[in-house]
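Written below as structure tokens is the structure these notes are about.
This is the structure:
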């Protein structure tokens, strides 16, 4: 397979495609990454177990660098690295990677189902729900609530600069859910009239919730008006203690203003960080949990040394 460089790391073209994917949610990209991990293992030309482990470690880092604020990629790589610690034959190593990656994909789907069931407890008849961006987890939860007989309406932010909120609105409308698409700047006004705000998640740590830019402002509006604000977030999106997330990259300025004067500085970032104290709760595969329960859950996880010893970058911060 051909390769190219992302942030100084050689990666195969499919990983480069993940790096420029700015429309799909973290769960979808994680499934693709799991498939790529399997392909990499099965195509390995390693002549020894040690070489195989090094190759999978380096490939794992290329996946993490491709989408530096998507925690499922870190969790996938972490599980693979732990799984290949013990096997001593190349055949057993490949089998271990396949089993872990396939299991990870299955878990993603199961978690989405359980999260949708948890979100159902928050949705009652006649309410208005506000969301933004594109999250299959949010879409599944709203679809599940509709099928359970709940009747509600959704206000969705368009989600600049890529406008993936349009796709969410179209999908919800196709489901038969009354949906209104609004510009992002109008979301706080709609939150003031709503009963619930739900968003997806790309990453959750003790430092905050990383999600599409605009989430922080929505959380502030919800907090000010006493509206419930919940993140739908399976544990695959938790940041493992000891892992320092990489800094998110600036995106093309042309997405904001293609003909901008050269002396106008344009900052285009897709994600912001919402402090956990602004969240009413987090909907996980274990149900709706308070922030304190998530912090205890995080403390029970273990980071592979290869992901702790090669840290680069820093956590994205909200200016």
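Numbering (the working numbering), first residue to last: 39 to 357. Ideal Cβ placement from N, Cα and C applies to all residues, glycine included. Since the structure is predicted, the reported quantities are computational estimates derived from the model, not experimental observations.
Residue pairing for residue 269: DSSP places it in a beta bridge opposite 237, 320.
In the displayed model, residue 249 falls within a strand according to three-state DSSP. Across the structure, residue 171 and residue 67 are spaced so that their CA atoms are roughly 15 Å apart. Around the beta carbon of residue 113, 16 or more other beta carbons sit within 10 angstroms, so the residue counts as buried. For residue 116, the CB contacts under 7 Å within the same chain, skipping 5 residues up- and downstream, are 278, 341, 342, 345 in chain order. Between the beta-carbon of residue 184 and that of residue 215 there is about 6 Å, and that keeps the pair under the 8 Å contact cut.
Closest in alpha carbon position to residue 143, among 110, 193, 56, 131, is 110. Around the beta carbon of residue 296, a 10 Å sphere encloses fewer than 16 other beta carbons of the protein chains shown; the residue is thus reported as exposed. Contact annotation, residue 326 with residue 159: C-beta distance approximately 6 Å; criterion of less than 8 Å satisfied.
In this structure, DSSP gives residue 86 a state outside helix and strand, which the three-state scheme calls coil. Cα atoms of residue 136 and residue 71: separation of roughly 12 Å, rounded to the nearest angstrom. Separation of the CB atoms of residue 107 and residue 283 is rounded to 6 Å, and the pair is thereby assigned contact status at 8 Å.
In the structure shown, residue 325 falls within a strand segment according to DSSP collapsed to helix, strand and coil. Taken through DSSP and simplified to helix, strand or coil, residue 190 comes out as coil. A distance below 7 Å between beta-carbons, with the five flanking residues on each side excluded, links residue 313 to the following residues of its chain, in chain order: 246. When beta bridges are read from the DSSP output, residue 168 appears opposite 193, 235.
Residue 187 and residue 165 have their C-alpha atoms spaced approximately 13 Å apart. In the structure shown, the three-state DSSP call for residue 310 is strand.
Looking at the backbone, the Cα of residue 76 and that of residue 206 are separated by about 30 Å.
A distance of 8 Å or more separates the beta carbons of residue 259 and residue 239.
The residue from 93, 272, 291 with its alpha-carbon nearest to that of residue 200 is 291. DSSP places residue 217 in the strand class (E or B) of the three-state scheme.
Burial is judged here by how many other beta carbons sit within 10 angstroms of a residue's own beta carbon; residue 157 has at least 16 and is buried.
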